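In the working numbering, the protein residues as written are 662 to 947.
Built from N, CA and C at the ideal position, the CB exists for glycine as well.
Small disclaimer: the values here were computed from a predicted structure and weren't measured.
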């Protein structure tokens, strides 16, 4: 008599379980250490940029002023030839300065947004999360930088249509984007630092209007440093906008520039701005 066939051993359900289901049964380990800050910064930056996705009016309206600077001021002073520019047309000389100016004008009023978030109760909700304050400020600062890069693209297109001889080297254009982001990060942090001091939108608007034009005219955006009076040259040397314009001219026009110094100054300025704004964020939320 033949023996009954052996019953096959049943496979364990644990071995047949898909690996992906482990994420449902056991949550992933939270990021710790050096991985925490970049993740939070990227998330907060993405949240800031979502606002731009829903309302692009700001980009269109802010493109008007740099276009007027290039169309009216640039073309007029190119014909006058009153400002020495080392042989390049004045409108070419002006274009990098207008890129830096338009980026600064976007960033310098960024503190108004954080005051609005405080008044709406959003800031207090963010501060009770495990997110470091420095990550919150850095995310907002680099979101301002991305907005400024978009604005810079608009100015570059306008300048190209006006015949400005700009470079199209991809590596140099990446350098331009990096410079614009660093400069905007500093000026947005400066705005948020002032917001932490004055605590009011009206006061912040007054301070913003009071410092934007001195920063602009006290830089090399419109004219070379050599023709400035001595006291204004001293102001220009401590003005981060001057280093931003110098780097943009060197990258876009190929003029002599101090790129290592320019990048170094802007990196240090952005880091100090983030530290200052982060230290005053708690005072702003109270």
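Pick helix, strand or coil for residue i, following the three-state DSSP scheme.
i: residue 829; result: coil
i: residue 866; result: helix
i: residue 765; result: helix
i: residue 655; result: Lying outside 662 to 947, the shown extent of the chain, residue 655 is not represented and no answer is given.
i: residue 861; result: coil
i: residue 638; result: Outside the shown range of the chain (662 to 947) lies residue 638, about which nothing can therefore be said.
i: residue 853; result: helix
i: residue 956; result: This structure leaves residue 956 out entirely; the chain is present only between 662 and 947.
i: residue 880; result: coil
i: residue 689; result: A caution first: residue 689 carries a pLDDT of 49, below 50, which makes its placement in the model too unreliable to give a value.
i: residue 899; result: coil
i: residue 874; result: helix
For residue i, collect the residues of the same chain with a Cβ closer than 6 Å to its Cβ; drop the 5 residues on either side in sequence, then sort them by chain order.
i: residue 841; result: 764, 809, 810, 813
i: residue 851; result: 934
i: residue 937; result: 854
i: residue 877; result: 762
i: residue 754; result: 746
Apart from the five residues on each side of it in sequence, which residues of its chain come closer than 8 Å, Cβ to Cβ, to residue i?
i: residue 821; result: 827
With a threshold of 7 Å on Cβ separation, who are the neighbours of residue i within its own chain once the five nearest residues in sequence on each side are excluded?
i: residue 787; result: 797
i: residue 693; result: Here residue 693 scores only 48 on pLDDT, less than 50, and its place in the model is too uncertain to base an answer on.
i: residue 909; result: 757, 760, 761, 837, 840
i: residue 889; result: 897
i: residue 943; result: none
i: residue 768; result: 805, 809, 845, 848, 849, 852
At least 3 beta-carbon pairs within less than 8 Å: the segment 907-923 vs the segment 825-833: yes
At least three beta-carbon pairs within less than 8 Å, the segment 920-933 to the segment 896-908: yes
Three or more C-beta pairs under 8 Å: does that hold for the segment 742-759 against the segment 882-889? Yes, the segment 742-759 is in contact with the segment 882-889.
Tell me, please, whether the segment 853-863 touches the segment 775-795 by the rule of three or more beta-carbon pairs shorter than 8 Å. yes
Whole alpha helix (DSSP H) elements within the segment 747-826, 4-residue minimum: 751-768, 771-780, 783-788, 794-822
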